[in-house]
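To keep things clear, I will list the structure first and then write my remarks on it.
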Amino acid sequence: MHPIIIIGNGIAGVTAAREIRKRNVEIPILIVSGETDHHFSRTALMYIFMGHMNYKDTKPYEDHFWKENRLDLKRAWVEKIEHESNRIIFQGGEAMEYSDLILAVGSTPNKFGWPGQDLPGVQGLYSKQDLDELEKNAVGAKHAVIAGGGLIGIEMAEMLITRGIGVSFLVREKKFWGSVIPEEEAKMIEEHIHEHHVDLRMGDELDSIHAGDDGKVSHIITKTGEKIDCAIVGLTAGVRPNIDWIKEGSEVETDRGILVDNHFKTNLPNVWSIGDCTQMRTPPEGRRPIEAVWYVGKIQGAFVAANICGDTLDYDPGIWWNSAKFFDIEYQTYGTVLPTPQEGEKTFFWKAPDKHITVRINYRESDLAVTGVNVFGVRHRHQVWEKWLSDEAKITDVLSELGAANFDPEFFKQYEDEIIEHWNQENSQQVTKTLGKGLFSSLLGKLNTFKAK
Amino acid sequence: MSVTIRESHSIVPPDPKLDKWERLGLLILGIGLALLFGSLFNIYNGNLKPVMLVVTMIAIFAGGLIYGLRTHLIKKPGIQNNNIMTASVSSRGAIGWMIGVILTTLYCIYYWKADWLSGMTQLFDPLSQAIRNKPSDQWFMYGTFYTMGVLIMGVKAIAKYRHSRYQTIRTSSIVFFQLIMAYTLPYFMSRLYNLEYYPTYFWPLSYKVLFPGEEVKTLLASKHEILAMCMLGWSLIATFIATPFLTYFLGKRWYCSWVCGCGGLANTVGDSWRQLSSKTVKAWKYERVTIYSVLIFVIVTTGLLWVFHVTQAESLKGFSGGLAKVYGFLIGSIMSGVIGTGFYPLLGTRIWCRFACPMAAILGIVQRFKSRFRITTNGGQCISCGNCSTYCEMGIDVRWYAQRGQDIKRASCVGCGICSAVCPRGVLSLENGPTDQREEYQIDLLGGMKARQLEQKTNQTK
Ligand SMILES: Cc1cc2nc3c(=O)[nH]c(=O)nc-3n(C[C@H](O)[C@H](O)[C@H](O)COP(=O)(O)OP(=O)(O)OC[C@H]3O[C@@H](n4cnc5c(N)ncnc54)[C@H](O)[C@@H]3O)c2cc1C
Ligand code: SF4
Ligand code: SF4
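In order, the protein sequence lines correspond to chains A and B.
This note's numbering puts the first sequence at residues 1113 to 1565.
This note's numbering puts the second sequence at residues 5 to 466.
This is the structure:
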């Protein structure tokens, strides 16, 4: 029997492998990747650089795990897919036959053709190799420029700052991460970025990159014409599906990503695609065709496994959620919160005075049903919000029981009273607190209110 | 450089190297330790002794506090683990090894060659006289060092974890219990009533408490009968009633991370080494064998001692006494001191708590099978980064559970709460609430509703 071959040992590919193995103990499975021998957590790259962890600590499974679960690993780059003969061709010419092929090849950093973008010292941050390169580039560097204000950009800023390297951070938008978060939150994050000594330049862009006499990057020029000396340029203007090699070396149909139906099938027989590299032909309602986040890769890995093993299951990822950390500020979101409320939607926003703590709940004007939540600086419970969102609970009920969603550690200050007071000042429909998280209410089991019906 | 300064904030990032205050602190601390070392050679005599004692203590306190506070307070409240894996002291580098060797040697000298330290011991005479009204001895000096360590490094830990109220309150608690209940109070009691009793160390951790020939005998022979009976009563209540009851409600953390001095030392002095504990499945297997063996060992020893005590059977005399000696040597000295603390910079803190402490073993059994305590995970939010596992001092692979959305209910978890503090995605929460409602909302690793059905389907087919 030919193995199921999975190209990519990221979260999507590895979840698919594990889920197939759970369903089928017999079938041979091979995971191929050119990046590393073993699966590691890409989201933890920054912590290696900052010295919080070693590379080995970012591997979610011990090395013996793979053999024990009969998941074969191969470190190599794939160059071609010959679907007529069910073969993949590796760099160097070796070929291998598959019974099914899962493409889980991830993303690659965007480059927009800036002059000088390939100079030494200019780099993105996506792979383990990028991290190793940054480690080299950081030696002796005094200043860096980061171009692109997304999540990877801010992570890179934090990383460099911990080494005492100054950072000028160019962000094209007028508001930080303004395409995703509303203005109040964006402003708070900008403030916090300043507090961490980053030279944040909103509304400015990279124009060109220039080398010094040694051939390495020496400075950049911004769109506004300013010159900034630097030894490192971080290109963090988003990522795109890593499909250049697929376009060249296969007949898999692509657009921005690899096109799949809602069972993750590509246009070719027995070839599937999941994770960052994947573009849904018809995404589920309210979802984008490409969602390059960890959680989505994980869910898609499970769905493709089910479909390969014969359960025909339409993709249904449940409510949207995501999280991130901006230096010291944690962020979580459940449901949909756009930068400005959608048609027929209202927004309730509360910020703790003088603190980096905010809660925003969006709801429908007509029936007060909650549609999404953003929290910064406090932790909220996924399960509770999933229930509120899928039950279309009223915001007034949600607020009165908001303590049930509080996931902060014990003894942390609880803000439910202040949040409710704020609502009551702004709205005629008054709310009273019926449930606090409280040390004692959890001891006494009041949270039982949320027991499934 | 043509970078302009904007807003009111500096754009010069803090230099990761030690600044002048941190260096000053370390220098003063170094002087204090050098003075201490000097005392070994009996050079501080007569009136010089109290002066040198005061100067030494002040230097150690001041130096330690200046360094400890400065190093954390210049950074913003938040996770402060930068460069832990690269700094020599915390990554088994040369400095780490050096401290390990020094600590281990010191423990060996303490246990078996205490007379080498007589000069240093005598330095503490004035303090001992003031507190206990008798000259210092090796154990008084040990208690003093221990308490100083917990105090100074406790303040440092509070500064480091000041963004988390769980950590600041918990650390204050362990410092309080060490300073008052395990140092000041017992020594005052010994001064007033000639009874040195440690109310926060229970059998089986403090095994002699219930060994018939030892503390029990002293207590029974005391002229302060009521007090002695109270102490004995408390020992029994603490071991047999308070322990299971509190552990049912709160988990073993109420003791291991809030009260116990061994945990106290680990979480203060040992904090920068917590990440060195092994997270492998192999270590977990090994740990279960050793810790329950020690538990059985101490139960059998205590039992036999009592049987002999009651029956006075000659055949048991040598055997049970010998067993007690072996236990004292192997477990009481080697495991808890020489390896348990000396190896902090090499094997991580809590080696004793994890591999050998019989008290932890009992608490762990209660916690695992009959307790409300668990660490819950926040749905599907885990990004498998590994910070939680890395910083778990008990070597629990927290991520293994978190990435599946499973609650963590492990016998060894001491509830220090650091996994929850270092998680960048707010995934982990220590909880005592009733357990039944959680499973219902467990979002399994798949996240969505449909995915949950899917998982059920798999389970049925299996
Ligand atoms: C620095 C950073 C931080 C992030 N933080 C977060 C976060 O906090 N939260 C979040 O939700 N998401 C985060 N993300 C995004 C998240 O990491 C990705 O969405 C996720 O890792 C994608 O997983 P994947 O399995 O689809 O692809 P990948 O993890 O990219 O895996 C693809 C693998 O396939 C290999 N491969 C590609 N082509 C070939 C070939 N031809 N032959 C052999 N091997 C090949 C690649 O080398 C790679 O190892 C972050 C990303 C980065 C870079
Ligand atoms: S699991 Fe968490 S709370 Fe328990 S011992 Fe480990 S770090 Fe501490
Ligand atoms: S629980 Fe938190 S710290 Fe642990 S692996 Fe998951 S995201 Fe990282």
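Ideal Cβ positions, reconstructed from N, Cα and C, are used throughout, including at glycine.
Beta-carbon separation (whole angstroms), residue i vs residue j, contact threshold 8 Å
| i | j | result |
| --- | --- | --- |
| A/SER1320 | A/PRO1227 | 4 Å |
| B/ARG292 | B/ILE422 | At roughly 22 Å, the Cβ-Cβ gap does not stay under 8 Å, so B/ARG292 and B/ILE422 are not in contact. |
| A/THR1452 | A/ASN1474 | Rounded, the Cβ-Cβ distance is 10 Å, inconsistent with contact. |
| A/ILE1119 | A/ILE1420 | With 8 Å as the limit, A/ILE1119 and A/ILE1420 do not qualify as a contact, their Cβ atoms being about 14 Å apart. |
| A/TYR1446 | A/HIS1494 | 7 Å |
| A/THR1155 | A/TRP1406 | 6 Å |
| A/HIS1164 | B/MET89 | 7 Å |
| B/LEU127 | B/TYR48 | 6 Å |
| B/ALA63 | B/LEU39 | 6 Å |
| B/CYS361 | B/VAL418 | Contact flag wrong, Cβ pair sits at about 10 Å. |
| A/ASP1311 | B/ILE15 | 4 Å |
| A/ALA1343 | A/ALA1256 | 7 Å |
C-alpha gap between residue i and residue j, whole angstroms
| i | j | result |
| --- | --- | --- |
| A/HIS1259 | A/ARG1472 | At residue 1259 of chain A the sequence reads Ala, which differs from the His that was named. For A/ALA1259 and A/ARG1472, the distance between alpha carbons rounds to 29 Å. |
| B/ARG442 | A/THR1546 | Here B/ARG442 scores only 46 on pLDDT, less than 50, and its place in the model is too uncertain to base an answer on. |
| B/THR148 | B/SER375 | 36 Å |
| A/GLU1191 | A/LYS1437 | 36 Å |
| A/LYS1134 | A/GLY1430 | 22 Å |
| B/SER168 | B/ALA425 | 7 Å |
| B/ARG257 | B/ALA186 | 18 Å |
| A/GLY1205 | A/SER1145 | 16 Å |
| A/ALA1188 | A/VAL1137 | 25 Å |
| A/ASP1325 | B/ARG354 | 54 Å |
| B/ARG215 | B/ASP275 | The identity of residue 215 of chain B in the sequence shown is Phe, whereas the question assumes Arg. Rounded to the nearest angstrom, the two C-alpha atoms are 33 Å apart. |
| B/THR272 | A/LYS1168 | 26 Å |
| A/VAL1372 | A/LEU1263 | 27 Å |
| B/TYR202 | A/ASP1388 | 59 Å |
| B/MET102 | B/ILE295 | 28 Å |
| B/TYR445 | A/VAL1496 | Reliability of the predicted coordinates at B/TYR445 is poor, the pLDDT of 42 falling under 50, and no value is obtained from them. |
| B/ILE99 | A/ILE1370 | 52 Å |
| A/LYS1223 | A/GLY1346 | 11 Å |
| B/LEU199 | B/TYR205 | 15 Å |
| B/TRP25 | B/LEU31 | 10 Å |
Option in the options with minimal Cα separation from residue i
| i | options | result |
| --- | --- | --- |
| A/ASP1440 | B/ASN46, B/LEU33, B/LYS79 | B/LYS79 |
| A/PHE1461 | A/THR1448, A/ASN1486, A/GLU1302 | A/ASN1486 |
| B/THR108 | B/TYR191, B/ILE47, B/ASN86, B/PHE347 | B/PHE347 |
| B/HIS76 | B/ARG257, B/VAL330, B/LYS164, B/CYS420 | B/LYS164 |
| A/ILE1340 | A/VAL1329, A/ALA1349, A/THR1348 | A/VAL1329 |
| B/ILE156 | B/MET193, B/ALA365, B/LEU69 | B/LEU69 |
| A/PHE1488 | A/GLY1205, A/GLN1541, A/ASN1434 | A/ASN1434 |
| A/THR1127 | A/LEU1501, A/LYS1499, A/ALA1414, A/VAL1234 | A/ALA1414 |
| A/HIS1114 | A/LEU1142, A/ALA1124, A/ALA1481 | A/LEU1142 |
| A/ALA1207 | A/GLY1218, A/SER1219, A/ARG1284, A/ILE1193 | A/ILE1193 |
| B/VAL467 | B/GLY50, B/VAL213, B/GLY72 | Residue 467 of chain B lies beyond the range of chain B shown here (5 to 466); nothing can be said about it. |
| B/MET145 | B/ILE162, B/TYR114, B/VAL154, B/GLN171 | B/TYR114 |
Neighbouring residues, chain B, relative to residue i (Cβ below 7 Å)
| i | result |
| --- | --- |
| A/ILE1273 | PRO17 |
| A/GLU1455 | Within chain B, no residue comes near A/GLU1455; the closest Cβ sits about 26 Å away, beyond 7 Å. |
Chain-ordered chain A contacts of residue i [CB-CB under 8 Å]
| i | result |
| --- | --- |
| B/TYR170 | PRO1521, GLU1522, PHE1523, PHE1524 |
| B/ASN86 | MET1162, GLY1163, HIS1164, THR1274 |
| B/GLN133 | Residues of chain A passing the Cβ test: none, with the nearest at roughly 41 Å. |
Residue i: contacting residues in chain B (beta-carbon distance under 8 Å)
| i | result |
| --- | --- |
| A/TRP1357 | Simply none; closest approach about 26 Å. |
| A/GLY1278 | VAL7, ILE15, VAL16, PRO17 |
| A/ALA1156 | ILE387, SER388, CYS389, GLY390, ASN391 |
Below-8 Å beta-carbon distance, residue i vs any chain C residue
| i | result |
| --- | --- |
| B/ARG414 | The structure shown contains no chain C; its protein chains are A and B. |
Residues that residue i contacts on chain A, provided the C-beta gap is smaller than 7 Å
| i | result |
| --- | --- |
| B/CYS420 | Those do not exist, as B/CYS420 stays about 12 Å from chain A at its closest Cβ, beyond 7 Å. |
| B/THR284 | GLU1174 |
(request) Could you say if the region 1515-1522 of chain A and the region 1463-1482 of chain A meet the contact criterion of at least three C-beta pairs nearer than 8 Å? (result) Taking 8 Å as the limit for Cβ pairs, the verdict is that the region 1463-1482 of chain A does not touch the region 1515-1522 of chain A.
(message) Under 8 Å, with one C-beta from each stretch per pair, do the region 1290-1299 of chain A and the region 1441-1451 of chain A reach the 3-pair mark?
(response) Taking a cut-off of 8 Å on C-beta distances, the region 1290-1299 of chain A touches the region 1441-1451 of chain A, as three or more cross pairs fall below it.
(message) I'd like to know if the region 259-269 of chain B and the region 171-185 of chain B are in contact, where contact means that at least 3 CB-CB pairs between them fall below 8 Å.
(response) By the Cβ criterion, the region 259-269 of chain B is in contact with the region 171-185 of chain B, since at least three pairs of Cβ atoms, one from each stretch, lie closer than 8 Å.
(request) Determine contact between the region 310-321 of chain B and the region 128-138 of chain B, defined as no fewer than three beta-carbon pairs at a distance below 8 Å. (result) These segments do not touch.
(request) Evaluate the contact criterion for the region 245-255 of chain B versus the region 363-377 of chain B: three or more CB pairs, one atom per stretch, below 8 Å. (result) Put simply, the region 245-255 of chain B touches the region 363-377 of chain B. At least three CB pairs are less than 8 Å apart.
(message) Across the region 381-390 of chain B and the region 408-419 of chain B, are there enough close Cβ pairs to call them in contact, namely three or more that are closer than 8 Å?
(response) Contact holds: three or more Cβ-Cβ distances are below 8 Å.
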